[in-house]
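S.K.: Protein chains in written order, with the working numbering: chain A, 2 to 118; chain B, 82 to 192.
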C-alpha cells in the first residue's frame, strides 16, 4: 500500500522559472494538504484541498503560488516566477476523512526540495 | 508571538538516557496534541496523539498534556541512537483541519 507520493524529490530552478510539485495521496485519502518547511521554522500550512475544491488557502502567498487537486491525477503546487526565498522543502500530506470531530491525522510524503539559483 | 513554541535544540544525550521534549502554545482552543518524528531528508511521521489533558503511553514514549499551563511534553525512555531525529509537536482544534506545528527539536542520541 503506497504512501503519499511526491515528485520530484529535488528540483532546481533559476529565478523567474516555474516550479511544479506533484503529490499523489494515499489510496483511499481524498484530502490533501501542502506545507512548507524552512530550516529552524517547522512546517507552515499552505493550503488544504479536496478533489476539485480548494477548502482553505490561507497559508498561500497571494501571488505566484497556486494549487489544484483535479478529479483525476495528482495534486499540484505551482510556483510561478520563482525567487530565492522560495527555496524550501515542500511537503504534501493526506488524510482520509471529513473533519467533523477528532484528530486530523496526517500522513506525509517524503517532500520535494526546491532550490532556486 | 508564535502559536506554538518549541526549542529547536539540538539536544544531545547518551544512549539509555531519558529525553524530555516540550512545547508551549497560546491558543486555548487546541484540543488535539500530536508528536511527529522526522528523520533527515524524510517526511514527518506521526508518533502519537492525545486529546485534551492527560498522559498517553506507547512503548518507550509518553506524551503529557497540561492544558492549564498550555504545555505539552514527550518523554523517551531508554533512548536509542535510532531515536536521533527531529521531533515536532503539533496541535489542532477539535474538528479543525489545520494542524499547527512547532519548529521541531533536533535530538542526537550518542552510542
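For each residue, glycine too, the CB sits at the ideal point set by N, CA and C.
#1: Is residue 99/B near residue 157/B, with beta carbons less than 8 Å apart?
#2: Drop a sphere of 10 angstroms on the beta-carbon of residue 106/B, count the other beta-carbons inside from all chains shown, and report buried for 16 or more, exposed for fewer.
#3: Below 7 Å between beta carbons is the criterion; list the residues of the segment 32 to 48 of chain A that meet it against any residue of chain B, in chain order.
#4: Can you check DSSP and say which residues form a bridge with residue 92/B?
#5: In terms of DSSP beta bridges, what is residue 45/A paired with?
#6: Any heavy atom of the ligand ADP closer than 7 Å to the CB of residue 119/B?
#7: Tell me which residues share the same chain as residue 114/B and place their Cβ nearer than 6 Å to its Cβ, disregarding the 5 neighbours each side in the sequence.
#8: Going by other Cβ atoms of all chains shown within 10 Å of its Cβ, with 16 needed for buried, is residue 62/A buried or exposed?
#9: Counting only C-beta atoms, is residue 102/B closer than 8 Å to chain A at any point?
#10: Measure the CB-CB distance between residue 159/B and residue 187/B and report whether it falls below 8 Å.
#11: By a C-beta neighbour count over all protein chains shown, 10 Å radius and 16 as the cutoff for buried, is residue 120/B buried or exposed?
#12: Let me confirm a value: residue 155/B is counted as buried when at least 16 other C-beta atoms fall within 10 Å, else exposed. Which label applies?
#13: Thinking C-beta only, is residue 115/A closer than 8 Å to residue 20/A?
#14: Taking residue 164/B as the reference, which of 175/B, 170/B, 191/B has the closest Cα?
#15: Pair every Cβ in the segment 169 to 183 of chain B with every Cβ in the segment 84 to 94 of chain B, then say whether three or more of these pairs are closer than 8 Å.
#16: Within its chain, find whatever has a CB closer than 7 Å to the CB of residue 161/B; leave out the 5 residues flanking it on each side and keep chain order.
#17: Could you tell me the alpha carbon to alpha carbon distance between residue 69/A and residue 79/A, rounded to whole angstroms?
#18: Where does the unbroken beta strand (DSSP E) through residue 135/B begin, and where does it stop?
#19: If contacts are defined as beta-carbon pairs under 8 Å, then residue 14/A and residue 117/A qualify, I think. What distance do you get, rounded to the angstrom?
#20: Cβ closer than 9 Å: which chain A residues qualify as neighbours of residue 179/B?
M.R.: For this structure:
#1: For the purposes of this step, residue 99/B is taken as the residue at position 18 of the second chain. For the purposes of this step, residue 157/B is taken as the residue at position 76 of the second chain. Yes. Within cutoff.
#2: On the second chain, residue 106/B is found 25 positions in, with the first residue counted as 1. Buried: at least 16 other Cβ atoms inside 10 Å.
#3: 41, 42, 43, 44, 46
#4: Along the second chain, read from residue 1 onward, the residue named residue 92/B stands at position 11. For residue 92/B, which the question treats as bridged, DSSP gives the partners 188/B.
#5: Residue 45/A sits at position 44 when you count from the first residue of the first chain. Answer by DSSP bridge pairing, in chain order: 37/A.
#6: Of ligands this structure carries none, so the ligand ADP is not represented either.
#7: Numbered from its first residue, the second chain carries residue 114/B at position 33. Excluding the 5 residues flanking it on each side, residue 114/B has same chain C-beta neighbours closer than 6 Å at 131, 146, 153, 172, in chain order.
#8: Position 61 of the first chain, counted from the first residue, corresponds to residue 62/A. Residue 62/A is exposed by the Cβ-count criterion.
#9: Locating residue 102/B in the second chain gives position 21, counting from the first residue. Not one chain A Cβ lies under 8 Å of residue 102/B.
#10: Translated into positions along the second chain, residue 159/B becomes position 78. Translated into positions along the second chain, residue 187/B becomes position 106. With contacts defined by Cβ atoms closer than 8 Å, residue 159/B and residue 187/B do not form a contacting pair.
#11: For the purposes of this step, residue 120/B is taken as residue 39 along the second chain, with counting starting at 1. Result: exposed.
#12: Taking the first residue of the second chain as 1, we reach residue 155/B at position 74. The residue in question, residue 155/B, is buried, as its Cβ has 16 or more Cβ neighbours within 10 Å.
#13: As a first step, residue 20/A must be located in the first chain, where it is residue number 19. As a first step, residue 115/A must be located in the first chain, where it is residue number 114. Judged by beta-carbon spacing, residue 115/A lies within the 8 Å limit of residue 20/A, meaning their Cβ atoms are closer than that value.
#14: To locate residue 164/B, count along the second chain from 1; it is residue 83. Nearest of 175/B, 170/B, 191/B to residue 164/B, Cα basis: 191/B.
#15: yes
#16: Reading the second chain from its first residue, position 80 is the one you call residue 161/B. Result list for residue 161/B: 96, 190, in chain order.
#17: Reading the first chain from its first residue, position 68 is the one you call residue 69/A. Reading the first chain from its first residue, position 78 is the one you call residue 79/A. Computed Cα separation, rounded: 8 Å.
#18: Start at 1 with the first residue of the second chain, and residue 135/B comes out as number 54. Note, residue 135/B: beta strand (DSSP E), 135 to 139.
#19: Numbered from its first residue, the first chain carries residue 14/A at position 13. Numbered from its first residue, the first chain carries residue 117/A at position 116. Sure, about 5 Å apart at Cβ, within 8 Å.
#20: On the second chain, position 98 is the one that residue 179/B refers to. 34, 46, 49, 57, 59, 60, 105, listed in chain order.
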